[in-house]
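Here the structure comes first, spelled out in structure tokens, and everything after it is commentary.
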Amino acid sequence: MELESVPGVGAKTAARLRELDDAEAALERGDVAAIARAPQVSEGQAARIARGAIRARHGDADDFLATDRARELYDDALALLQAETVTDYAAKRLETFYPSASESRLAETREFTNRALARDPTPEVADALADVTPLAEPRDVRVRDRCLATSDAETYSRASDAFPELSVELVDDARDLAELARGYATVIALDESFAGIEVEGDVRVEPDAFDDPVSVVPERALAFFARNRDSVRAAARVHDAAGIDAPLDTDTVEDALSRLTEEGTVADDDELDRLSVAVDDLDAAVSMAENTANDRLREAIEERDVTIEGGDLLSLVERGAGVDSLLDRELADEYSDAIEAARDQLVETLSLSDHAARARTAFPDDPTFPVEHDERVVSKLREELTAERDRRATRLKQELAEQLADLREPAADLVDAALELDVELAVARFADRYDCIVAEMGGSGVAIEGGRSPLLDVAFEDVEPVDYAVGGVALLSGVNSGGKTSTLDLVGLVAVLAHMGMPVPADEVRIEQFEALHYQAKSQGTLDAGAFESTLREFGDLATGDATRLVLVDELESITEPGASALIIAGILEALHESDSTAVFVSHLAGEIRDACAFDVQVDGIEAVGLEDGELRVNRSPVKNKLARSTPELIVEKLAEDSGEMFYDDLLDKFE
């Protein structure tokens with residue numbers, strides 16, 4: 001699939017998508033999670049791109065939703081489905097489902113729905129899903145203790161693209177490499193021509209580095225899993241709770257993740273921890289050992305019985321008067337003991353048994369007071385400890401990164417599968433909450449049994465079920481507030497959901513596969529001449545087209561004067577009758593329209609069975625071929641029955 005051929009994908013977006021491993025495959029699948037991993041592509045944009053790719057794949061160019069009210073019904077249906085999701089991803093992914101007239105797309109979505117309805121949306125799975133998010137690619141990883149070096153401009157450009165985490169330097173010869181080695185802990189030379197050179201410092205010649213990025217920059221894999229480990233772990237819990245096969249061994253990935261810190265370093269390695277503490281605490285430990293030696297010498301001097309009083313000797317020593325000779329002559333053993341104590345303390349405090357020889361020379365044998373460490377020795381010790389720490393850290397990083405790099409693709413599949421499962425479970429929850437079934441597609445018109453609309457402003461369990469079927473053209477009559485518009489909405493909602501491939505809220509539904517839904521909502525007042533003309537043109541296009549459409553119209557008579565409305569609606573119905581359309585027109589002028597029609601139009605009625613305490617009692621299911629009585633007629637009838645006066649009887653006769 002050519003990227004630019006997808007609706008909504010321009011040159012810039014296509015360039016971003018090409019940074020994915022297999023952008024065309026992601027578009028082919030409509031994979032929102034994969035598409036959203038492209039740079040600067042949000043989940044919402046990814047959903048729109050995926051929807052466009054799906055349309056292109058199925059040749060689904062026409063919009064099923066032909067009017068504003070039809071689009072509103074779709075928005076309402078989508079919102080009901082999205083309310084059942086746990087993850088933000090699933091809510092966006094559901095936006096890729098849209099009403100379609102494409103047989104291949106409908107087959108695809110209905111297969112998805114049947115699979116979803118077999119799922120068990122348990123609370124345990126929902127709890128695990130709460131922590132699953134799409135995997136994010138860390139783009140802020142920078143490694144500053146390592147660099148790449150090359151003398152070739154083309155290799156330089158290639159390395160800069162392949163390893164954005166590292167600095168890449170151009171060099172001419174071994175002297176330049178040596179200079180780099182003084183500023184970096186490790187220099188990786190990419191040119192084979194540097195093989196065999198001897199340079200002080202950690203300089204490695206690796207012309208095959210491009211084939212083994214993990215060894216060059218293990219931080220890449222570590223940062224990826226450090227950033228995403230909560231999601232990977234949660235996805236593993238989702239698979240366990242749902243009892244579905246995972247694309248990797250969850251114990252293996254958990255073991256690897258347990259060795260990784262939040263910062264992307266290796267955890268729980270005692271030797272690395274020891275070396276890290278030694279480097280970090282070296283100055284403090286040297287200072288403490290130095291104080292220990294001085295304290296012991298001070299006590300020895302104060303207690304020493306010599307020719308001059310100990311206090312006077314101490315005063316002289318502290319002023320530097322003959323320190324070396326006095327200590328060497330009078331306190332040689334005490335000095336030696338103090339220095340040994342300082343050396344032992346330094347080695348023990350930082351666990352420097354492997355570096356004891358170097359550490360012990362930090363305090364010189366030559367007597368002096370106050371005792372002072374040899375900064376050159378301490379600096380050299382710091383370099384050795386740092387180098388050993390970095391070598392071990394790098395080796396551990398490489399070992400863990402190699403393990404995690406092998407897990408990266410299956411871990412992405414693990415998370416993607418968990419997110420897709422949330423989409424399926426949302427559909428299952430929706431179907432369970434609203435007592436839905438999968439509609440039967442075929443036949444002519446629409447037939448609904450036990451339909452209940454979740455769009456009504458009452459609790460769903462209180463919604464009265466409706467049975468209604470229509471084929472061809474019909475008028476729907478009924479009392480005010482009897483449920484005519486609600487019935488129209490139910491038919492429209494069922495049509496939208498069925499053509500999305502989603503379950504519908506009814507006991508049983510059979511619906512023709514329509515090419516478009518035209519739903520004209522009730523107009524707010526009489527239209528001006530221009531708007532009236534535009535409305536008529538729209539119906540003219542419907543009447544002359546050859547597409548199979550579902551046309552729903554609510555009280556079209558409000559667009560102009562009642563007398564003219566009946567004639568206009570009759571004419572529209574006659575034209576629709578000659579087409580392949582199925583149409584339901586709600587009208588208070590059903591009788592007048594029927595009389596004006598040149599064919600025997602079907603008139604159905606939502607019957608009021610009476611008044612009780614001023615409230616209408618209504619049978620919500622339309623009665624076939626029945627012109628429903630109006631609310632005024634019911635009121636007059638009640639007055640005639642209650643009063644027995646001839647006036648009300650005469651008024652009632654007018655309705656016959």
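Residue 11 in full-length UniProt numbering is what sits at position 11 of the sequence shown, and the numbering runs on without skipping anything. Using N, Cα and C, we set each Cβ at its ideal position, and we do this for glycine too.
Is the beta carbon of residue i less than 7 angstroms from the beta carbon of residue j?
{"i": "HIS58", "j": "SER102", "result": "yes"}
{"i": "ILE35", "j": "ALA50", "result": "yes"}
{"i": "GLU290", "j": "HIS373", "result": "yes"}
{"i": "GLY478", "j": "ILE593", "result": "no"}
{"i": "GLY492", "j": "LEU73", "result": "yes"}
{"i": "ALA332", "j": "LEU346", "result": "no"}
{"i": "VAL603", "j": "PRO99", "result": "no"}
{"i": "GLU557", "j": "SER587", "result": "yes"}
{"i": "ALA570", "j": "ALA547", "result": "no"}
{"i": "VAL427", "j": "ALA241", "result": "no"}
{"i": "LEU550", "j": "ALA590", "result": "no"}
{"i": "GLY563", "j": "GLU512", "result": "no"}
{"i": "LEU517", "j": "ALA70", "result": "yes"}
Answer with buried or exposed for residue i, where buried requires no fewer than 16 other C-beta atoms within 10 angstroms of its C-beta.
{"i": "residue 684", "result": "The chain is shown only over 1 to 656; residue 684 falls outside these bounds and no answer can be derived."}
{"i": "SER336", "result": "exposed"}
{"i": "MET502", "result": "buried"}
{"i": "ALA284", "result": "exposed"}
{"i": "GLU154", "result": "exposed"}
{"i": "PHE599", "result": "exposed"}
{"i": "MET500", "result": "buried"}
{"i": "LEU425", "result": "buried"}
{"i": "SER579", "result": "buried"}
{"i": "LEU400", "result": "buried"}
{"i": "THR252", "result": "exposed"}
{"i": "ALA26", "result": "buried"}
{"i": "SER565", "result": "buried"}
{"i": "ALA209", "result": "buried"}
{"i": "VAL458", "result": "exposed"}
{"i": "LEU190", "result": "buried"}
{"i": "ASP140", "result": "exposed"}
{"i": "ILE19", "result": "Position check: residue 19 holds Glu in this sequence, whereas Ile was assumed. Under this definition GLU19 is an exposed residue."}
{"i": "PRO7", "result": "exposed"}
{"i": "ARG617", "result": "exposed"}
{"i": "PHE647", "result": "exposed"}
{"i": "GLY322", "result": "Residue placement at GLY322 is poorly supported in this model, since its pLDDT is 49, which falls under 50; the coordinates still yield a value, given next. When all chains shown are included, GLY322 counts as exposed."}
Which same chain residues, not among the five before or five after residue i, have their C-beta less than 7 angstroms away from its C-beta?
{"i": "PRO465", "result": "GLY450, GLY451, ARG452"}
{"i": "GLU388", "result": "LEU275"}
{"i": "ALA136", "result": "ARG227, ASN228"}
{"i": "PRO454", "result": "LEU80, TYR434, PHE460, PRO505"}
{"i": "ALA341", "result": "THR292, ALA293, ARG296"}
{"i": "GLY30", "result": "ALA50, ALA53, ILE54, THR96"}
Name, in chain order, the residues that DSSP records as bridge partners for residue i.
{"i": "MET500", "result": "Beta-bridge pairing links MET500 to no other residue."}
{"i": "HIS518", "result": "VAL551"}
{"i": "ILE35", "result": "According to DSSP, which records beta bridges pairwise, ILE35 is partnered with nothing at all."}
{"i": "THR186", "result": "ARG146, ASP202"}
{"i": "ILE437", "result": "VAL504"}
{"i": "ALA469", "result": "ALA447"}
{"i": "PHE585", "result": "LEU475, VAL553"}
{"i": "ILE511", "result": "MET441, VAL446"}
{"i": "VAL277", "result": "Looking at the DSSP assignment, VAL277 forms no beta bridge with any residue, so it has no partner."}
{"i": "LEU536", "result": "Answer by DSSP bridge pairing: none, since LEU536 is not bridged."}
{"i": "GLU169", "result": "ALA149"}
{"i": "VAL603", "result": "LEU475"}
{"i": "LEU65", "result": "LEU517"}
Excluding the 5 residues preceding and the 5 following residue i in the sequence, name in chain order all residues of the same chain whose CB lies nearer than 6 angstroms to its CB.
{"i": "PHE585", "result": "LEU475, VAL553"}
{"i": "ALA447", "result": "ALA469, ARG510"}
{"i": "ALA46", "result": "VAL32, ILE35, ALA36"}
{"i": "THR485", "result": "ASP554"}
{"i": "ARG204", "result": "ILE188"}
{"i": "SER351", "result": "ARG274"}
{"i": "PRO247", "result": "PRO410, ASP413, LEU414"}
Return the chain-ordered list of same chain residues with a C-beta closer than 8 angstroms to the C-beta of residue i, the five sequence neighbours on each side being excluded.
{"i": "THR265", "result": "LEU222, ALA393, LYS397"}
{"i": "ALA156", "result": "Residue identity check: residue 156 is Tyr in the sequence provided, not Ala. Cβ neighbours of TYR156 beyond the five flanking positions: THR150, VAL168, LEU170."}
- Message: I'd like to know if the segment 428-447 and the segment 250-259 are in contact, where contact means that at least 3 CB-CB pairs between them fall below 8 angstroms.
- Response: no
- Message: Can you confirm whether the segment 41-61 touches the segment 76-95 when touching is taken to mean that 3 or more C-beta pairs between the two stretches lie within less than 8 angstroms?
- Response: yes
- Decide yes or no for the touch test of the segment 400-417 against the segment 208-219: beta carbon pairs closer than 8 angstroms, at least 3 of them. yes
- Task: For the segment 188-204 and the segment 141-149, state whether three or more C-beta atom pairs, one from each stretch, are separated by less than 8 angstroms.
- Result: yes
- When the Cβ atoms of the segment 225-234 are set against those of the segment 406-426, are three or more pairs found closer than 8 angstroms? yes
- Query: On the three-pair Cβ rule with 8 angstroms, is the segment 195-212 touching the segment 96-111?
  - Reply: no
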